[in-house]
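Input: a single structure, listed below in structure tokens.
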Amino acid sequence: MSDPFTLVDVASLDDLRVFLGRAARVEDGSVRLIAGSGVLAAYAAVLYPAGLLDETPTVLALRTFATAVDADGAHAEFDVVVPIASLASRLERARDGIGQLVSDVDPAARQSVRISLPMAVASATWAAISPPRGGWHALPAIEAPLLEHAARAGIDEIAGAVPEAAGEQIVRRVRTEVWGRPVPGLDHIPAGAAFAALSMGFLGEDPVRVLETGPWTRLTTTRGHVLVRRRAWTLAR
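Residue numbers for the sequence shown follow this note's numbering, so the first one is 6 and each next one is one higher.
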């Protein structure tokens, strides 16, 4: 078992539970957790290629959470990939142990929460790709409704194009075609990034900040981040 980590409060626990719940509905597999310097970064794959010839872009959802020091006075440090279902189950048990909060000012809401990690997995190929931490430069921001419209249009198109009881290969081919297309007017952002932002609950009233470095594009709101690694043939603009 990996070392445990400690979230600073119950609100952080609830936010992580919501993040994992949405990630499980999109791609029920694994989540990558990177902890260090008082921050826990949780990455979940929304889209990723299945092989060398698969042109699906790599699209990751990211949320960050503050961590508290452990009993030894140090912040947890690790980089692991764990099953979403197993981690979610541990969070549920931790939440049940806290009980019903009376209000947001309940002292229990401000208590730190210690979470033990489930056994790590080594089969998540997307987790071998690490987005850069620095070197980002800003591009013009995007209005959230543009991404929401692109995401909903893609969802409707896939629903209409995929027959009932379709095989996995047919579903993947349609999804790759739809989510690999650029958002109208945004040639460097695939529609899959809009799908990730919508399905993970990251879109709101605020504009979406766009940052870029090398083959990576990041969409950022107050609710979370979407990271896109473009395929090599899309890099020239």
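All C-beta atoms in this analysis are idealised placements derived from N, C-alpha and C, irrespective of residue type, glycine included. Nothing here was measured: the structure is a model prediction, and the numbers come from that model.
- The DSSP assignment places complete beta strand (DSSP E) segments of no fewer than 3 residues inside the stretch 22 to 96 at 35 to 41, 44 to 52, 63 to 71, 83 to 88, in order along the chain.
- Secondary structure of ARG223 (DSSP, three-state): strand.
- By the beta-carbon neighbour count (other beta carbons within 10 angstroms, threshold 16), VAL23 is exposed.
- Less than 8 Å divides the Cβ of ALA149 from the Cβ of PRO212.
- In the displayed model, PRO150 falls within a helix according to three-state DSSP.
- For PRO145, same chain residues with a beta-carbon under 6 Å away, outside a window of 5 residues either side, do not exist.
- Annotated three-state conformation of ILE175 is helix, per DSSP.
- DSSP places LEU191 in the uninterrupted beta strand (DSSP E) bounded by 191 to 195.
- Put simply, the backbone Cα of ALA55 is about 18 Å away from that of TYR48.
- Under the three-pair Cβ rule at 8 Å, the stretch 151 to 162 does not count as touching the stretch 28 to 48.
- Burial is judged here by how many other beta carbons sit within 10 angstroms of a residue's own beta carbon; GLY102 has fewer than 16 and is exposed.
- Residue ALA93 holds the alpha-carbon nearest to the alpha-carbon of ASP33 among ASP20, ALA79, LEU191, ALA93.
- In the displayed model, GLU182 falls within a helix according to three-state DSSP.
- A distance below 7 Å between beta-carbons, with the five flanking residues on each side excluded, links ILE175 to the following residues of its chain, in chain order: VAL167.
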